[in-house]
Amino acid sequence: MKHQTLFPKACATLSLLACACTASAQSTLTLYGITDASVRYTDGLSASNAAAVGSASAISSGVNNTSRFGLRGNDDLGGGLSAIFNLETGINLDTGAQASATKLFDRAAYVGLTANWGTLTLGRQTTVLADALGPVDPLGVRFAGFNPNVGIAALSAHGLGIEYGPSGASTGAYRLDNSVKYSGKFSDFTVRAMHAFGEQAASSSALSSSGLGMSYQAADVAATLGYAEFKSASNLQLKAYVAGISGKLGSTKVSLTYGRHEAETTLTAKTRNTTLGLGGTLPLSSSVDLILAHYRVNRTRTTTLVDDGYNRTVAFLEYKLSKRTKLYAELDQTHWQTGYVAASLPDSATGLSLGLVHNF
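Laid out in structure tokens, this is it:
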């Protein structure tokens, strides 16, 4: 397919640009990425971590952190003003394929200006919900494809089957196309505002999105709040917010989060999801960390009288080989409430991963 040939050519071109731009004293260009692969065994889950009968073994990409490749740049324009850009694509390390079959830079593609008044960016970028989640998620946004805070609370995999906002997909809205975002830091507080244009000829509101966020970050405490509204192409509405707090208890970091969204799935039907997360990080030594988190997801739909959801517990044990490289072991347990998955599927599942992650 065309996108499969575009990727290596684009990577080669961008690498040459990175080398060329290092000669400029006023411009910087950084090549960066994460490579994460693990051997994963599951019982009650498929190789793609969906509920399934039986067990599976596979090489998985991105269990600890999503495998990716990117470029970011900064051009000093003088007077404290700089131009910035970021291009980032997800990679399935087990196959070498792009994470997205339709977008070369599915994770980020924006340009902007930054100064002491803040940062203004235009393009494809994360929502204020995603930005609010990062500092307070109990897993530190690990295992993004399986993390209920990322998938449900921040809408990366909302499972509603409708495109809300210009996300380019009917499966999630963690990042939006055609967006303008402002972020400003004032002492310990950061404020964010974002609007994504639906670009629909018949309506200025269809497929659009707007959001506001605020966070507080001090030495040992972080607190965040994000709120966003999304429209479908037919002007169905989704409203969502994410809130959280994290702090240090001795050497242990403890985090608590809450997310809620309500979506119109038809003119007469709604789906509401709430997500509660609790957990933290315990350093066992200078090179070993234990990360433990528990999530509870509750779902209510007007099309059924039965409320359902699931509980998921995830633990990571990480051993730092260096500042850039870690070995990790991961264990997870999921219990679905009746009705969340098909009756023919098991009501519980277990996963075990052993992997290596390297940052460059």
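Read in order, the letters of the sequence shown correspond to residues -25 to -1, 1 to 335 in mature numbering (1 follows the signal peptide of the UniProt record, and there is no 0).
Just so you know, even glycine gets a beta-carbon here, dropped at the ideal spot from N, CA and C.
If you compare alpha carbons, which of the options is closest to residue i?
{"i": "N286", "options": "S260, T249, V263", "result": "T249"}
{"i": "A90", "options": "H236, G186, A218, K160", "result": "K160"}
{"i": "N273", "options": "S260, L6, R247", "result": "R247"}
{"i": "F172", "options": "S261, A208, A197", "result": "A208"}
{"i": "A12", "options": "F60, L56, L68, S32", "result": "L68"}
{"i": "A324", "options": "S183, H310, I266, G314", "result": "H310"}
{"i": "E305", "options": "L327, A317, K298, G126", "result": "L327"}
{"i": "L108", "options": "S131, S35, L4", "result": "S131"}
{"i": "Y16", "options": "T10, K228, S35", "result": "S35"}
{"i": "G219", "options": "Q212, L97, G188, A194", "result": "G188"}
{"i": "G147", "options": "D81, L97, V111", "result": "D81"}
{"i": "G186", "options": "V196, N124, M169, D195", "result": "M169"}
{"i": "P123", "options": "D152, A238, D322, T232", "result": "T232"}
{"i": "D195", "options": "A181, P110, T41, S262", "result": "P110"}
{"i": "A72", "options": "A84, V263, T10, A129", "result": "T10"}
{"i": "Y303", "options": "G37, G29, G19", "result": "G37"}
{"i": "S57", "options": "A27, H236, A83, T96", "result": "T96"}
{"i": "L320", "options": "L6, D18, V14, T5", "result": "D18"}
{"i": "G330", "options": "V14, L6, A129, K156", "result": "V14"}
{"i": "A129", "options": "T288, Y149, G143", "result": "Y149"}
{"i": "G314", "options": "A290, T278, V289, T288", "result": "T278"}
What number of angstroms, rounded off, separates the C-alpha of residue i from the C-alpha of residue j?
{"i": "G53", "j": "K214", "result": "41 Å"}
{"i": "C(-7)", "j": "Q308", "result": "Low local confidence applies: a pLDDT of 48 at C(-7) is under 50, so the model's placement there is unreliable, with the coordinate-based value given in what follows. Going by the C-alpha atoms only, they are around 45 Å apart."}
{"i": "S179", "j": "S145", "result": "20 Å"}
{"i": "A244", "j": "L280", "result": "12 Å"}
{"i": "G234", "j": "V217", "result": "4 Å"}
{"i": "G55", "j": "G87", "result": "14 Å"}
{"i": "Y270", "j": "G252", "result": "4 Å"}
{"i": "D25", "j": "S2", "result": "One point to set straight first is that residue 25 is Ala, not Asp, in the sequence displayed. Spanning the two alpha carbons is a distance of roughly 45 Å."}
{"i": "L265", "j": "A177", "result": "52 Å"}
{"i": "Q175", "j": "L224", "result": "50 Å"}
{"i": "D282", "j": "R276", "result": "7 Å"}
{"i": "E239", "j": "Q212", "result": "5 Å"}
{"i": "N39", "j": "G255", "result": "15 Å"}
{"i": "I137", "j": "G284", "result": "20 Å"}
{"i": "P141", "j": "S261", "result": "44 Å"}
{"i": "G98", "j": "D112", "result": "25 Å"}
{"i": "L182", "j": "V263", "result": "45 Å"}
{"i": "Y139", "j": "T41", "result": "23 Å"}
{"i": "A27", "j": "A84", "result": "35 Å"}
{"i": "L6", "j": "A76", "result": "22 Å"}
Keeping to the same chain, check which residues put their C-beta closer than 6 Å to that of residue i; ignore five residues upstream and five downstream.
{"i": "K301", "result": "E293, K295, V332"}
{"i": "Y191", "result": "D163, F164, A198"}
{"i": "F60", "result": "G48, V86"}
{"i": "A317", "result": "none"}
{"i": "I127", "result": "N248, T250, V272"}
{"i": "T133", "result": "It is worth fixing the name first, because residue 133 is His in this sequence and not Thr. Counting only Cβ-Cβ distances below 6 Å, and skipping sequence neighbours, we find G147."}
Using C-beta distances below 7 Å, list every residue in its chain close to residue i, excluding the 5 sequence neighbours before and after it, in chain order.
{"i": "S226", "result": "P258"}
{"i": "S158", "result": "G93, T94, T165, R167"}
{"i": "A22", "result": "A31, A33"}
{"i": "G8", "result": "R43, F44, G45, F335"}
{"i": "Q312", "result": "D283, G284, Y285"}
Just list the residues that DSSP pairs residue i with in beta bridges.
{"i": "L135", "result": "None; L135 has no bridge partner."}
{"i": "G188", "result": "R167, G201"}
{"i": "N61", "result": "R47, Y85"}
{"i": "I66", "result": "Q73"}
{"i": "Q100", "result": "L151"}
{"i": "P141", "result": "P141 is not bridged to any residue."}
{"i": "residue 338", "result": "Past the boundaries of the shown model lies residue 338; the chain is included only from -25 to 335, so the question cannot be answered."}
{"i": "Q308", "result": "T288, T325"}
{"i": "Y315", "result": "DSSP output for Y315 lists no bridge partner at all."}
{"i": "P113", "result": "Note: P113 sits in no beta bridge, so no partner."}
Can you list, in chain order, the residues of its chain with a C-beta nearer than 8 Å to that of residue i? Leave out the 5 residues immediately preceding and following it.
{"i": "R299", "result": "H333, N334, F335"}
{"i": "L135", "result": "S145, L213, A238, T240, T246"}
{"i": "N210", "result": "S178, S180, A181"}
Just to confirm, does residue i get its C-beta within under 7 Å of one of the non-hydrogen atoms of the ligand FMN?
{"i": "T243", "result": "In the structure on display, the ligand FMN does not appear, and there are no ligands present to speak of."}
Worksheet item: Is the stretch 97 to 108 touching the stretch 194 to 212 in the sense that three or more CB pairs, one from each, lie closer than 8 Å?
Response: The stretch 194 to 212, when compared against the stretch 97 to 108, does touch it at the 8 Å Cβ threshold.
Worksheet item: Touching or not, the stretch 110 to 120 and the stretch 47 to 64, by the rule of three or more beta carbon pairs under 8 Å?
Response: No, they do not touch.
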